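Numbering (my numbering), first residue to last: 65 to 314.
Inspection log for the structure reproduced underneath, given as structure tokens.
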Ligand code: HPA
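Listed below in structure tokens is the structure:
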């Protein structure tokens with residue numbers, strides 16, 4: 065059985081250009097439908113399967129993404145290594161708009177999301193270890209890939225995961241800053257935990273789209289600003305992803 069590399073990308077990246085021999089595989093799981101058809105193909109010779117986290121077109125809010133179905137489908141298709149791309153807001157100096165960050169920690173501020181496969185009364189409960197929420201080998205693949213592409217990517221950072229879909233208040237971001245968070249996004253959890261429950265390696269590249277509330281000079285955050293920054297940021301992330309795919313095969 066072959067093991068394609070999984071790719072899940074969020075806001076700003078809805079398909080992989082240059083994916084060849086593409087098959088759209090509709091997939092259903094005991095947990096429902098994944099966010100999009102699984103797009104399986106070859107990218108630079110690497111067997112890849114892609115899911116648009118928010119659907120294509122973008123129609124699923126972060127708290128509506130069926131994370132369990134996405135991860136389950138990828139596991140079923142044979143994925144052992146998953147590369148994720150997240151658009152985030154920047155909280156600390158390492159994450160100015162446009163910056164790429166390879167986080168090494170997560171704090172989960174989400175609520176009311178189905179966040180585990182251990183969810184059935186009467187079934188054995190698995191308490192997975194999540195001391196390192198990102199697989200070190202795949203973090204390294206992202207960092208090596210960025211270096212190979214001459215792109216600066218910060219090594220390490222704490223990802224805050226908020227419920228969304230609204231952006232945060234200034235006081236909320238000040239609290240996340242006090243908590244030691246560097247970036248804030250809405251989708252890394254429960255994705256990282258579910259990947260671990262299924263023993264899928266998981267590494268993520270965060271692309272800063274804006275200063276989080278109260279961290280930059282602007283009084284408010286606009287979607288235009290986010291979209292503009294992501295247009296450039298995602299093009300760079302895509303270049304790094306292509307290099308990371310080769311480094312993630314084992
Ligand atoms: N907050 C949360 N998620 C985000 C942001 C933000 O400011 N920007 C992009 N994703």
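Just so it is clear, CB atoms sit at the ideal spot from N, CA and C, and this is done for glycine as well.
Keep in mind the model is a prediction, meaning the values are calculated, not measured.
Of all the options 76, 66, 67, which has the alpha carbon lying nearest to the alpha carbon of residue 302?
Within the chain shown, residue 302 is the residue found at index 238, counting from 1. Closest option to residue 302, Cα to Cα, is 76.
Can residue 257 and residue 194 be called in contact, C-beta distance under 8 Å?
For the purposes of this step, residue 257 is taken as the residue at position 193 of the chain shown. For the purposes of this step, residue 194 is taken as the residue at position 130 of the chain shown. Yes, they are a contact pair.
Residues bridged to residue 139 [DSSP beta-bridge criterion]
Against the chain shown, residue 139 aligns to sequence position 75. Answer is none; residue 139 lacks a bridge partner.
By the DSSP assignment, the beta strand (DSSP E) with residue 249 in it spans what residues?
Taking the chain shown and counting its residues from 1, one reaches residue 249 at position 185. Its beta strand (DSSP E) spans residues 247 to 249.
Checking 8 Å against the spacing of the C-beta atoms, do residue 253 and residue 199 come in under that value?
Walking along the chain shown from the start, residue 253 turns up at place 189. Walking along the chain shown from the start, residue 199 turns up at place 135. Contact: no.
Whether or not the segment 157 to 168 and the segment 213 to 221 are in contact is what I'm after, with contact meaning three or more pairs of Cβ atoms, one per stretch, closer than 8 Å; do they touch?
yes
Check: residue 110 C-beta below 7 Å from any heavy atom of the ligand HPA:
Within the chain shown, residue 110 is the residue found at index 46, counting from 1. No - the ligand HPA has no heavy atom lying nearer than 7 Å to the Cβ of residue 110.
Starting from residue 302, follow its DSSP beta bridges and name the residues at the other end.
Taking the first residue of the chain shown as position 1, residue 302 is located at position 238. BP columns for residue 302 are empty, so no partner.
Cutting at 8 Å between CB atoms, please list the residues of its own chain near residue 228, excluding the five before and the five after it.
Along the chain shown, one-based indexing puts residue 228 at 164. If we look at residue 228 and ignore the five residues flanking it on each side, its Cβ neighbours are 125, 126, 127, 250.
Assigned secondary structure, residue 122 (DSSP; H/G/I helix, E/B strand, else coil)
As a first step, residue 122 must be located in the chain shown, where it is residue number 58. Note: residue 122 maps to coil in three-state DSSP.
Would you list the residues whose beta-carbon is nearer than 7 Å to any heavy atom of the ligand HEM, in the order they occur in the chain?
Inclusion of the ligand HEM in the displayed structure is not the case, the ligand content consisting of the ligand HPA alone.
When the Cα atoms are used, what is the spatial distance from residue 130 to residue 182?
As a working mapping, residue 130 is identified with position 66 in the chain shown. As a working mapping, residue 182 is identified with position 118 in the chain shown. Rounded to whole angstroms, residue 130 to residue 182 spans 15 Å at the Cα level.
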